[in-house]
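Counted the way the numbering used here counts, the sequence shown spans residues 91 to 289.
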Amino acid sequence: MYRLVETIRSEDGRLNNLEFHNIRMMKTLVDLFGLKISIDLSQIISVPDYAGKGVFKCRVEYDYEIKKIEFIRYFPKSVRNLKIVEDNTIEYPYKFTDRRSIEKLLEKRSECDDILIMKNGFITDTSYANIILSDTSGLWYTPATCLLPGTRRALLLQQRKIIEVKINLKDLENFTDLKLINAMLGMEDTDGISVRNIL
């Protein structure tokens with residue numbers, strides 16, 4: 091089995107949103123290994139001196155135990171447009187280091203910066219992020235049919251900043267803008283992508 095991974099935003103030496111990373115790791119360990127253990131990443135991860143200033147990606151690889159922790163300077167990708175690709179069999183309920191199924195779909199993006207995966211007629215995720223969509227009222231929505239329920243998504247749902255709904259291809263015309271969210275990207279960290287730029 092490939093290793094699992096948690097990606098955590100480290101900003102000026104502070105690890106963000108650990109509550110939801112702990113929850114996801116504990117659920118994963120129960121589901122895949124039958125291990126019912128309590129995890130507190132704040133007691134496991136030590137931020138190195140070189141990551142004390144700025145934004146870093148803390149990458150934790152594990153299976154039934156922690157295998158590797160590394161800190162990588164983070165630079166957000168520029169995503170201006172998305173290509174819709176369909177895959178009705180793709181499954182990605184756990185965050186594995188093995189992303190071959192997603193990388194295969196990414197090859198279909200043509201000239202676009204990233205993909206928006208559609209499964210059984212419903213919108214899911216991009217190649218590396220959950221999405222949120224806004225309508226003319228200013229409310230933000232996220233697909234209930236996401237492939238991987240992300241930790242940032244879980245936080246925003248708890249805070250009631252986004253609303254979970256099923257979104258099919260035709261529904262996209264009801265929205266104006268789309269944003270990518272993940273452990274490294276919050277609602278305010280990226281500009282919106284016009285729905286017109288979903289091809």
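A virtual CB, placed ideally from N, CA and C, is assigned to each residue, including glycine. Bear in mind the structure is a predicted one, so any value in this text is a computation, not a measurement.
query                                                                                                                                                                                              : result
Residue 264 by DSSP, collapsed to three states: which one?                                                                                                                                         : helix
Rank 201, 166, 182 by C-alpha distance to the C-alpha of residue 173 and give the top, closest one.                                                                                                : 201
Can you tell which of 113, 208, 180, 253 has the C-alpha that lies nearest to the C-alpha of residue 126?                                                                                          : 113
Quick check on residue 161: does DSSP put it in helix, strand or coil?                                                                                                                             : strand
For residue 132 and residue 178, what's the separation of their Cα atoms in angstroms?                                                                                                             : 38 Å
Please go through the same chain and pick out, in chain order, the residues whose beta-carbon is closer than 7 Å to the beta-carbon of residue 120, but skip the five residues on each side of it. : 126
On a CA-only basis, which of 264, 272, 92, 101 is nearest residue 218? Give me that one, please.                                                                                                   : 272
Give the C-beta separation of residue 277 and residue 260 to the nearest angstrom, bearing in mind that I take them to be a contact with Cβ-Cβ under 8 Å.                                          : Actually they are not in contact, since the Cβ atoms of residue 277 and residue 260 sit about 25 Å apart, beyond 8 Å.
Need the endpoints of the alpha helix (DSSP H) that residue 204 sits in, please.                                                                                                                   : Here residue 204 belongs to no alpha helix (DSSP H); instead the beta strand (DSSP E) covers 204 to 209.
Return helix, strand or coil for residue 287, following the three-state DSSP convention.                                                                                                           : helix
Residue ranges of each alpha helix (DSSP H) run of no fewer than 4 residues wholly in the stretch 212 to 274, ordered along the chain?                                                             : 241 to 248
Apply the 10 Å Cβ neighbour rule to residue 228 and answer buried if 16 or more other Cβ atoms are within range, or exposed otherwise.                                                             : exposed
DSSP three-state call for residue 280: helix, strand or coil?                                                                                                                                      : coil
Between which residues of its own chain and residue 240 is the CB-CB distance below 6 Å, once the five residues before and five after are set aside?                                               : 220, 272
Using a Cβ-Cβ cut-off of 6 Å (strictly less than) and excluding sequence neighbours within five positions of residue 145, which residues of its own chain qualify?                                 : 101, 164
For residue 116, collect the residues of the same chain with a Cβ closer than 6 Å to its Cβ; drop the 5 residues on either side in sequence, then sort them by chain order.                        : 129
Residues in the same chain with beta-carbon distance under 6 Å from residue 148, minus the five sequence neighbours each way, listed in chain order, please.                                       : 98, 100, 161
If you draw a straight line from the C-alpha of residue 237 to the C-alpha of residue 225, how long is it?                                                                                         : 22 Å
Under DSSP, the beta strand (DSSP E) around residue 99 begins and ends at which residues?                                                                                                          : 94 to 101
In this structure, does DSSP put residue 176 in helix, strand or coil?                                                                                                                             : strand
Tell me the residue span of the alpha helix (DSSP H) that contains residue 190.                                                                                                                    : 190 to 196
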